[in-house]
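Taking it in order: structure first as structure tokens, then the write-up.
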């Protein structure tokens, strides 16, 4: 039985979610603010399979909660609830380390589908770390749904959401991993910001693309020897970005 922690300050919504989750076979528990959530997850180190986290909480908001979890290397899947589903809130949530989002008001069946997707994704990550799944694609050889990709002395392990460079290991958030996967799949091709919004984050409407630029700045710190003079993740002015596993010399 999967354990779900619901972090929601609206009591009627929180109890309704708990009732419906339990009816679907989940073990659901509720807390009403961010401090209580971090106490359960970090202080008491309780194990939950997924967290349903509202952004607008009294005191510590949802962005702060998920940021603290990731800083403490707690990678429990987080489904973030947003009041209006504004793209800037969604991207800020992803930047904080959230795994998925759902705008209020929402249909219960959609929430259940998103939770099931996150749980399957966790199982996929564990399964992808197995030797038979962990096929390595090297220097522009392509990447599928499993395995690793190596370039420029670095290796992205999509199975465990890690980027390794020598003795250093960086744990990626799911969205960082998905953005890298999308760029790698399009090795050598220009990928527009609109394409990233649509195909990586599932956002159909216009939004401030600086959020994407901030993601790229962070990825460059991970994959570039000199982030200020990138060779693998290039900006195509006015359009988007281009990933090169084998950059041209010079």
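In our numbering, the protein residues as written are 1333 to 1582.
Every residue, glycine too, gets a C-beta built ideally from N, C-alpha and C.
All figures in this text were calculated on a predicted structure; none of them were measured in a lab.
**Q.** Identified DSSP bridge partners for residue 1348
**A.** Residue 1348 has no beta-bridge partner at all, per DSSP.
(Q) Would residue 1391 and residue 1361 qualify as a contact pair, given that the criterion is a beta-carbon distance under 8 Å? (A) no
Q) What span of residues does the alpha helix (DSSP H) with residue 1370 cover, start to end? A) 1366-1370
Q: Compute the distance between the beta-carbons of residue 1411 and residue 1543, then report whether it is under 8 Å.
A: no
Q: Output the residue ranges of the alpha helix (DSSP H) runs that lie fully inside the region 1504-1578 and measure 4 residues or longer, sorted by chain position.
A: Whole alpha helix (DSSP H) segments, 4+ residues: 1506-1517, 1525-1531 and 1542-1555.
Q. Does DSSP put residue 1361 in a helix, a strand or coil?
A. strand
Q) First and last residue of the alpha helix (DSSP H) that includes residue 1428? A) Residue 1428 -> alpha helix (DSSP H) spans 1419-1428.
Q) Hey, how far is the Cα of residue 1491 from the Cα of residue 1408? A) 15 Å
(Q) Does residue 1400 come out as helix, strand or coil in the three-state DSSP assignment? (A) Reduced to three states, the DSSP call for residue 1400 is helix.
Q | CB contact flag (residue 1381, residue 1451, <8 Å) | A | yes
Q | Inter-residue CB distance, residue 1356 and residue 1444 (contact presumed, cutoff 8 Å) | A | 6 Å
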